[in-house]
Ligand code: 1CP
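Numbering (the working numbering), first residue to last: 921 to 1273.
In structure tokens form, the structure reads like this:
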């Protein structure tokens, strides 16, 4: 089926577009009252992820309100640790938690062999239902966490402020850490390829916690595994390239090695000037980003001005996908998202003549 709007795919392949495509990390989520209603109906966040019809409903909600150029599968990166038997749960008002954690080399060795595509069949079901519902309106993004980011949650047992346990494990047991990351890289590869088989047209790897590492640890414990995954991804389906995007939050300092990872697109957070990133990337990849998500709390005029500034900073030519530098937060006024999306489309035409 041909896509009605393929400017997101074109921009990722650095092909000409009419205006800059835009989507938003966490575009389905708690800032939308309709999301909160569906989540309530589902019972819990995990029930919402596991019900293909409801996951489809919340994926579609932001597309009904806003002129986004892509849809993103509604799920979570923590489905993989859950599939490894760690027992993911969410406590009301708190972040994710695991019943079982990894603390020793033996814990890593004893992780079960998991057929990820079978164990996470509910995710593939959601992908097919969403693809059908989208009916070619915009491309669908599938995603996974990076091995390093998943490992931090599996060791810490949830979110963390300082990643003390995950880093201590890495420093004290580098071999066991590599074994864990290797198992996770295989799982992520199978997971993303299963999502592509089910209909995902782009895949993004979220390396949310890569940026907490030292430069040498980043290359050794995070980027190396993302490279391995990218090398083994399905590259073409339905007669089209399936582009991959790597997003390391706070990774601007390592842009050159990230650009060389083999990904088609590189996500940027707001701590790097996109003009500098463009210069350093040298046209080898598309760049995605990078408005500070907190900017969405500012006035509509200030949001529009910031969008204008980022577009001007990227300047002329293809290869830019507009996004936030990280996910939207729950207290944002939904009307401000329209200002953001419409400003990107209205102000970017001049850079694509
Ligand atoms: O209460 C609720 O409704 C749960 C809030 C929520 C939502 C809406 C969680 C729990 N996950 C999600 C959805 C989600 N998570 C998506 C959906 C698609 C979208 O619209 O973008 C995606 C892509 C994710 C990915 C994700 N989950 C990441 C990587 C991206 C990022 O934001 O950095 C991470 C780190 C997670 C873990 C996670 N899941 C949920 C929470 C609150 C967290 C963060 C925990 C922490 O470290 O404090």
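The beta-carbon is built from N, C-alpha and C at its ideal position, and this holds for glycine as well.
When we look at the beta-carbon of residue 1067 and count the other beta-carbons within 10 Å, is it buried (16 or more) or exposed?
Here residue 1067 refers to the residue found at position 147 of the chain shown. Buried, because 16 or more other Cβ atoms sit within 10 Å of the Cβ of residue 1067.
If you draw a straight line from the alpha carbon of residue 931 to that of residue 1010, how long is it in whole angstroms?
Numbered from 1 along the chain shown, position 11 holds the residue referred to as residue 931. Numbered from 1 along the chain shown, position 90 holds the residue referred to as residue 1010. Between residue 931 and residue 1010, the C-alpha separation is close to 37 Å.
Between residue 1128 and the ligand 1CP, is the CB less than 7 Å from at least one heavy atom?
Taking the chain shown and counting its residues from 1, one reaches residue 1128 at position 208. Within the cutoff, so yes.
Going by Cα to Cα distance, which pick from 1225, 1271 and 1218 is closest to residue 1253?
Locating residue 1253 in the chain shown gives position 333, counting from the first residue. The residue with the shortest Cα to Cα distance from residue 1253 is 1218.
According to DSSP, simplified to helix, strand and coil, what is residue 1063?
In the chain shown, the residue the question calls residue 1063 occupies position 143. Here residue 1063 sits in strand by DSSP.
The ligand 1CP and residue 1247: does the residue's C-beta get closer than 7 Å to at least one heavy atom of that ligand?
For the purposes of this step, residue 1247 is identified with residue 327 of the chain shown, where counting begins at 1. Residue 1247 Cβ: within cutoff of the ligand 1CP.
Going by the C-beta, is residue 1104 closer than 7 Å to any heavy atom of the ligand 1CP?
Here the question's residue 1104 lines up with position 184 in the chain shown. It does not: the Cβ of residue 1104 is nowhere closer than 7 Å to a heavy atom of the ligand 1CP.
Compute every distance between the C-beta of residue 1074 and the non-hydrogen atoms of the ligand 1CP, then say whether any falls below 7 Å.
The residue given as residue 1074 occupies position 154 in the chain shown. The answer is no for residue 1074.
Extent of the continuous beta strand (DSSP E) run through residue 1145:
For the purposes of this step, residue 1145 is identified with residue 225 of the chain shown, where counting begins at 1. It is not in any beta strand (DSSP E) - residue 1145 instead sits in the alpha helix (DSSP H) that spans 1144-1151.
Separation of residue 1175 from residue 1105, as counted between CA atoms
Along the chain shown, one-based indexing puts residue 1105 at 185. Along the chain shown, one-based indexing puts residue 1175 at 255. One C-alpha to the other measures close to 21 Å.
What residue ranges within the stretch 1065-1089 form continuous beta strand (DSSP E) runs of no fewer than 3 residues, ordered along the chain?
none
With a threshold of 6 Å on Cβ separation, who are the neighbours of residue 1123 within its own chain once the five nearest residues in sequence on each side are excluded?
Residue mapping note: residue 1123 aligns to position 203 of the chain shown, counting from 1. Closer than 6 Å at Cβ, skipping near neighbours: 1062, 1112 and 1164.
Comparing C-alpha positions only, which one of 925, 924 and 929 sits nearest to residue 1156?
Numbered from its first residue, the chain shown carries residue 1156 at position 236. Among 925, 924 and 929, the Cα nearest to that of residue 1156 belongs to 929.
C-alpha distance - residue 1083 paired with residue 1089, whole-angstrom precision:
Stepping through the chain shown from its first residue, residue 1083 is reached at position 163. Stepping through the chain shown from its first residue, residue 1089 is reached at position 169. Rounded to the nearest angstrom, the two C-alpha atoms are 10 Å apart.
Decide yes or no for the touch test of the stretch 960-968 against the stretch 1225-1233: beta carbon pairs closer than 8 Å, at least 3 of them.
no
Determine, using beta carbons only, whether residue 997 and residue 1107 come nearer to each other than 8 Å.
Numbered from 1 along the chain shown, position 77 holds the residue referred to as residue 997. Numbered from 1 along the chain shown, position 187 holds the residue referred to as residue 1107. No, they are not a contact pair.
Nearest residue (CA-CA) to residue 923, options 973, 1052, 1047 and 1150
As a first step, residue 923 must be located in the chain shown, where it is residue number 3. When each option's Cα is compared against that of residue 923, the closest is 1052.
Beta-bridge pairing of residue 1263 - partner residues as DSSP gives them:
Against the chain shown, residue 1263 aligns to sequence position 343. None, per the DSSP bridge assignment.
Please find out if some non-hydrogen atom of the ligand 1CP comes closer than 7 Å to the beta-carbon of residue 989.
Reading the chain shown from its first residue, position 69 is the one you call residue 989. Residue 989 Cβ: outside cutoff for every heavy atom of the ligand 1CP.
Sequence ranges, alpha helix (DSSP H) only - wholly within the stretch 1102-1171, length at least 4
1144-1151
Under 7 Å from any heavy atom of the ligand 1CP, does the C-beta of residue 1165 make it?
Residue numbering aside, residue 1165 sits at position 245 when the chain shown is read from its first letter. No, the ligand 1CP has no heavy atom inside 7 Å of this Cβ.
contact_flag[the stretch 1021-1028, the stretch 967-987] where n(CB pairs < 8 Å) is 3 or more:
no
Which class does residue 1173 belong to by DSSP, given the choice of helix, strand or coil?
Within the chain shown, numbered from 1, the residue matching residue 1173 stands at position 253. Note: residue 1173 maps to helix in three-state DSSP.
Under the three-state reduction of DSSP, which class applies to residue 1016: helix, strand or coil?
Counting from one through the chain shown, the residue named residue 1016 turns up at place 96. Strand.
Helix, strand or coil at residue 1097 according to DSSP, with G and I counted as helix:
The residue given as residue 1097 occupies position 177 in the chain shown. Three-state DSSP puts residue 1097 in a helix.
Does the Cβ-Cβ distance between residue 1239 and residue 1207 come in under 8 Å?
Along the chain shown, one-based indexing puts residue 1239 at 319. Along the chain shown, one-based indexing puts residue 1207 at 287. Taking 8 Å as the Cβ cut-off, residue 1239 and residue 1207 qualify as a contacting pair.
Is the distance from the Cβ of residue 1016 to the Cβ of residue 1078 below 8 Å?
Along the chain shown, one-based indexing puts residue 1016 at 96. Along the chain shown, one-based indexing puts residue 1078 at 158. A contact, by the Cβ cut-off of 8 Å.
Taking the beta carbon of residue 1255 as the centre, do at least 16 other beta carbons fall within 10 Å, making it buried, or is it exposed?
Your numbering for residue 1255 matches position 335 in the chain shown. Its Cβ having fewer than 16 others within 10 Å, residue 1255 is exposed.
If you count every other CB in all the chains shown that lies within 10 Å of the CB of residue 1072, and 16 or more means buried, which is it?
Against the chain shown, residue 1072 aligns to sequence position 152. Label assigned to residue 1072: buried.
Say the cut is 7 Å; is the CB of residue 1082 nearer than that to a heavy atom of the ligand 1CP?
Position 162 of the chain shown, counted from the start, is the residue given in the question as residue 1082. No - the ligand 1CP has no heavy atom lying nearer than 7 Å to the Cβ of residue 1082.
Give me the Cα-Cα distance between residue 1094 and residue 1179, rounded to the nearest whole angstrom.
Against the chain shown, residue 1094 aligns to sequence position 174. Against the chain shown, residue 1179 aligns to sequence position 259. Computed Cα separation, rounded: 26 Å.
Have a look at residue 1127 and residue 1008 and give me their C-alpha separation to the nearest angstrom.
Against the chain shown, residue 1127 aligns to sequence position 207. Against the chain shown, residue 1008 aligns to sequence position 88. Taking the straight line from one Cα to the other gives about 19 Å.
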